[in-house]
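S.K.:
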Amino acid sequence: MMETVLSSLGSGLLQSFEPLNLFMIFAGCLAGLFVGAMPGLGSVNGVAILLPVTFLVPPTAAIIFLAALYYGAMYGGAISSITLGIPGSSTAVATVFDGRPMAQAGKADQALTAAAIASFIGGTISIILFTLFAPPLAVFALKFGPQEEFALMVLAFATFIGLGGDDIPKTIFSIMVGLVLAAVGFDIISGKPRLIFFDMVDFQRGIEFLVLAIGIYGIGEMLWTLESTKGAITLHKVDTSWKKFRHNLGQVREYIGTTTLGAMIGFFVGTLPAAGATPASLMSYGLAKTFSKDPDSFGKGNIAGVAAPEAGNNAASTGSMLPMITLGIPGSPTTAILLGGMIIWGLRPGPLLFTESPDFVWGLIGSMYVANTVTVLLNLALIPVFIRVLAMPFTILTPIIFVLCVVGVFATTDRMFDTWLMLIFGVVGYLMRKLNYPVAPAVLAIVLGPLAERSLRQSLISSRGDAMTFLERPISLACILVAAALVAYPIVNGMRRRRRARAAQE
Amino acid sequence: MTVRTAELLMAIATFLASLGLMLNVYVSDLNIGWVEGRGPGAGMWPFWLAFVMALASFATLVRWIRGITPESRSTEDYVDRDTLFLVVISAVALLVLLILFEIIGAYFSLMLFMFFYLRTIGRHGWVATWSLVIGTPIFVYLLFEVALTKYLPKGLPFFENLFLYVDDIRYSLF
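In order, the protein sequences belong to chains A and B.
Position 169 (the first sequence) corresponds to 169 in this note's numbering; numbering is contiguous.
Add 1000 to a position in the second sequence, counting from 1, and you land on the number used in this note's numbering.
#1: Let me confirm a value: residue 231 of chain A is counted as buried when at least 16 other C-beta atoms fall within 10 Å, else exposed. Which label applies?
#2: Can you tell me whether residue 98 of chain A is buried or exposed, with buried defined as 16 or more other CB within 10 angstroms of its CB?
#3: Check whether the Cβ atoms of residue 355 of chain A and residue 272 of chain A sit closer than 8 Å, and answer yes or no.
#4: Would you mind sorting residue 486 of chain A into buried or exposed? The rule is 16 or more other CB atoms within 10 Å of its CB.
#5: From the DSSP output, in three-state form, read off residue 298 of chain A for me.
#6: Report, in whole angstroms, the separation of the C-beta atoms of residue 1042 of chain B and residue 143 of chain A, which I expect to be a contact under 8 Å.
#7: In chain order, what residues of the segment 154-176 of chain A put their CB closer than 7 Å to some CB of chain B?
#8: Let's test the definition: count the other Cβ atoms within 10 Å of the Cβ of residue 3 of chain A and tell me whether it reaches 16, buried, or not, exposed.
#9: Which class does residue 51 of chain A belong to by DSSP, given the choice of helix, strand or coil?
#10: Can a CB atom of chain B be found closer than 8 Å to the CB of residue 216 of chain A?
#11: For residue 465 of chain A, go through chain B and note every residue whose CB falls closer than 8 Å to its CB, in chain order.
#12: What are the start and end residues of the alpha helix (DSSP H) that includes residue 62 of chain A?
#13: Alpha carbon to alpha carbon, what distance is there between residue 124 of chain A and residue 9 of chain A?
#14: So is residue 1046 of chain B in contact with chain A if we call contact Cβ pairs under 8 Å?
#15: Helix, strand or coil for residue 1077 of chain B? Go by DSSP, reduced to three states.
#16: Give the residues of chain A in contact with residue 1090 of chain B, contact being defined as C-beta atoms less than 8 Å apart.
#17: In this structure, how does DSSP classify residue 1034 of chain B when only helix, strand and coil are distinguished?
#18: Quick check on this structure: which residue in A:262, A:250 and A:63 has the alpha carbon closest to the alpha carbon of residue 284 of chain A?
#19: For the segment 425-443 of chain A, list every residue whose C-beta sits within 9 Å of some C-beta in chain B, in sequence order.
#20: Between which two residues does the alpha helix (DSSP H) holding residue 244 of chain A run?
#21: When you compare the CB of residue 1014 of chain B with every CB in chain A, is at least one pair closer than 8 Å?
#22: Between the alpha carbons of residue 1013 of chain B and residue 268 of chain A, how many angstroms are there, rounded?
#23: On the criterion of 16 or more Cβ atoms from any shown chain inside 10 Å, does residue 306 of chain A qualify as buried, or is it exposed?
#24: In angstroms with no decimal places, state the Cα-to-Cα distance between residue 140 of chain A and residue 114 of chain A.
#25: Nearest CA to the CA of residue 544 of chain A: which residue from A:187, A:19, A:226 and A:110?
#26: Between the beta-carbon of residue 32 of chain A and the beta-carbon of residue 68 of chain A, is there less than 8 Å?
#27: Beta-carbon separation of residue 334 of chain A and residue 44 of chain A under 8 Å?
#28: Quick check on residue 1113 of chain B - is its C-beta less than 8 Å from some C-beta in chain A?
#29: If contact means a Cβ-Cβ distance below 9 Å, which residues of the segment 1102-1131 of chain B contact chain A?
#30: Which ranges does the beta strand (DSSP E) cover as unbroken runs of at least 3 residues, wholly within the segment 203-238 of chain A, from first to last along the chain?
#31: For a contact defined as C-beta to C-beta under 7 Å, what are the partners of residue 190 of chain A on chain B?
#32: Taking only runs of the alpha helix (DSSP H) that begin and end inside the segment 1054-1120 of chain B, which ones reach a length of at least 4 residues, in chain order?
#33: Would you identify the three-state DSSP class for residue 393 of chain A, choosing helix, strand or coil?
#34: State yes or no: is the beta carbon of residue 1075 of chain B nearer than 8 Å to at least one beta carbon in chain A?
#35: Applying the criterion that 16 or more other CB atoms from any shown protein chain within 10 Å of the CB defines a buried residue, is residue 248 of chain A buried or exposed?
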């Protein structure tokens, strides 16, 4: 087993050094650093907006580009968290806690170096864990039938309810909207048209997930950012001299421990669908503080407080690829869009990917190692450039993003109708997000919707309509029990808390 | 409008939309029940999903009445004045962009959109404005039309014919 892994990894690494793929890694890392650093844009926005452009290259090069963009964005988020004091993307929120005080104390260069190095260490640990876990998990998942597939998807949605931390009825609503939108068009089994709103023929072709994803993460996100960044921003000064940099590299000793711990946590949190990089970085920060000898200095400019969340979010981004590649269940909104992209490229996500498209899988894994190294170098080298870019007015970036969204959606589906839908989704998504309706579950659901319905109905046809089939198979039973517990936990907890509050009042 | 009012209106809207979805499935020729020996009918999946949507919206309504969600107690402005200006003008600009796509074609409308956004909203100088007004359609043309071989809308015949000249130049080059 180990030997095949090493030889496959070797060929994957070779593949990622092919000129086109290497170019894609560079382009992806740069694009990622950029979207990560721009306030309001994160990996998910970059991946959604640029997915239509990747049809230019073969699927392996495309996924390498988008994956590199994903890690790049994790690095980039730290740049604005530290120099602007506002997170470049939600995944870098925890980096602000100590990054901002450090910048205010004139130590922005130390914080930026620590963030880059910690991201690199976190990413590397996570990629090694990924390489070790992915092949056996895929082999194990080969035994899965449609019952297990369906149960896993139920589990994925349940994690949003149990661990998502958002308002529960709103989360459920968001999941259901995504699933219903995915059901528009012809029924896969009977071939009957469904949910043809206002008898418009255009709905018969269904709603492509990218229309919703770009609507929400492109249009909606820009509207959201226009609102939140209308105030003036202040950039902190950064000393980017070589002497400073060498001194800063020496500080690694101060945070290597928390970084390693953060990477482990990040990887496992990242594999959970509802969690992803944002909670991973927050948890990693919390643990670093708990285990620190000097917890009071956290929040006042402790370098470990910058390193820990950066290691966590980078590790989580790699971790979230694990269920996507092996099980066909995305571990984060970004990987949900990658999964949708794989379907458009004609690949069938799931355990068979390892046997059917080994070049694709191992090319991706090999590229992770290369991309991580490329990103840390680019990041450190380009810090002065990115600081200049961050000073760019938002009113230049916004229309460019809008144009990419409109043209990208049209180019993917060849229909004006879809660009109209995208605008509607964007505006409605923005209005709902202002009321704390989580949007990520809807995007995950529209990607998984067709797969979920197909596996549900396949299971029931093979069992001749006996719903007990989901409970008779051990893995599917286990998934459903965990899912039920995840849904029940916050409800029971909430009821208990309310009863206690009432008892306290009396 | 306060956040509190917005929360109520949104919950009512989502509730009605869910009922509309259920009705849409119900009145069409789809089986929303169980087919003996085969499992769910074609309409069962969307119908019951919409039913859960309705339940979730109803739960939000109940929580609004009982003041459980923070939004249901907030008396802040849902959209304040400055935001309203930026967001509405952006959304309307996009709307006009899409309408113009089908009249004067993608490229001319992109130029107008960029000009409006950079000059009127961004108040940028002429150099920045013109370089993006001219650069954006060229970039889009090269990326989507040439590299991805996608035919973007060219608008009414008059504007479509104008574009033939551009295509002529392109094909004479590569």
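The C-beta atom is built at its ideal place from N, Cα and C for all residues, glycine as well.
M.R.: Working from what's here:
#1: With a pLDDT of 47 at residue 231 of chain A, under the threshold of 50, the modelled position of this residue cannot be trusted; read the value that follows with caution. By the neighbour-count rule (16 or more Cβ atoms within 10 Å), residue 231 of chain A is not buried but exposed.
#2: buried
#3: no
#4: buried
#5: coil
#6: 30 Å between Cβ atoms; not a contact.
#7: 167, 169, 170, 172, 173 and 176
#8: exposed
#9: helix
#10: no
#11: 1034, 1035, 1036, 1037, 1038 and 1039
#12: 59-83
#13: 15 Å
#14: yes
#15: strand
#16: 222, 223, 226, 398 and 402
#17: strand
#18: A:262
#19: 426, 427, 430, 431, 432, 434, 435, 436 and 437
#20: 242-249
#21: yes
#22: 38 Å
#23: buried
#24: 38 Å
#25: With chain A represented from 1 up to 506, any question about residue 544 of chain A goes unanswered, as that position is not in the structure.
#26: yes
#27: yes
#28: yes
#29: 1102, 1106, 1110, 1113, 1114, 1116, 1117, 1118, 1121, 1122, 1123, 1124 and 1128
#30: none
#31: 1042
#32: 1081-1103 and 1106-1115
#33: coil
#34: no
#35: buried
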